[in-house]
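In the numbering used here, the protein residues as written are 59 to 195. For glycine and all other residues, C-beta sits at the position ideal for the given N, C-alpha and C. This report refers to the structure that appears directly beneath it.
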Amino acid sequence: MPAPVELIERVPLFADLGRRELAQLADSFKERRFDAGDTIAEEGQSGVGFFIVGEGEASVTLRGEVVRTYRSGDYFGEIALIDDGKRTATVKADTALLCYGLTAWDFRPLVESNSAIAWKLLRAMAKLLRQAQQRDS
């Protein structure tokens with residue numbers, strides 16, 4: 059089942075996409091279910107997927123310390139769509155968890171075949187980078 063457009067449009071990376079583009083993107087997502095205790099992403103390991111939490115809760119740990127909880131609408135792994143770098147945190151399901159996942163190999167053809175989506179994503183990445191730089195200074 060594809061991801062609900064309402065969840066995807068809340069992700070800053072996809073904020074500039076139009077309704078039709080969001081629907082196109084939603085079709086690339088796959089429903090993923092995890093049991094309480096399952097590890098979805100592990101700090102220091104490579105990651106290939108981006109996830110949006112649909113239902114349930116997950117803990118985020120950094121160097122073994124819980125730093126936040128993900129709930130419906132929260133997301134992680136967006137950078138993994140573009141590079142295949144290592145995960146910066148561990149995400150573990152606290153409850154039964156419904157996520158919508160998108161892999162780089164599903165995302166890339168969509169972006170490569172649609173220059174309007176690619177341009178909007180580049181603009182969103184630049185905006186996020188600018189915001190991160192302002193926080194660091």
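Report the three-state DSSP secondary structure of residue i (helix, strand or coil).
| i | result |
| --- | --- |
| Ile175 | helix |
| Arg166 | helix |
| Val106 | coil |
| Val69 | coil |
| Arg126 | strand |
| Asp194 | helix |
Bridge partners for residue i per DSSP, in chain order?
| i | result |
| --- | --- |
| Val149 | Ala99, Val118 |
| Val111 | Cys157 |
| Glu89 | Tyr158 |
| Lys144 | Ser104 |
Look at the Cβ atom of residue i, then the Cβ atom of residue j, and state whether they are nearer than 7 angstroms.
| i | j | result |
| --- | --- | --- |
| Ala116 | Ala151 | yes |
| Leu75 | Gly112 | no |
| Val69 | Val118 | no |
| Pro64 | Ile175 | The residue asked about is misnamed: residue 64 is Glu in this sequence, not Pro. Not a contact, by the Cβ cut-off of 7 angstroms. |
| Leu179 | Ala147 | no |
Could you give the residue range of the beta strand (DSSP E) that holds residue i?
| i | result |
| --- | --- |
| Glu136 | No beta strand (DSSP E) holds Glu136; DSSP gives it neither H nor E. |
Terminal residues of the continuous alpha helix (DSSP H) containing residue i?
| i | result |
| --- | --- |
| Arg78 | 77 to 84 |
Counting pairs of beta carbons, one from the stretch 141 to 155 and one from the stretch 91 to 108, are three or more of them closer than 8 angstroms? The stretch 141 to 155 makes contact with the stretch 91 to 108: 3 or more CB pairs, one atom from each, lie closer than 8 angstroms.
Should the stretch 121 to 130 be regarded as contacting the stretch 159 to 168, the criterion being three or more beta carbon pairs within less than 8 angstroms? no
Examine the Cβ distances between the stretch 163 to 172 and the stretch 82 to 94 and report whether three or more of them are shorter than 8 angstroms. yes
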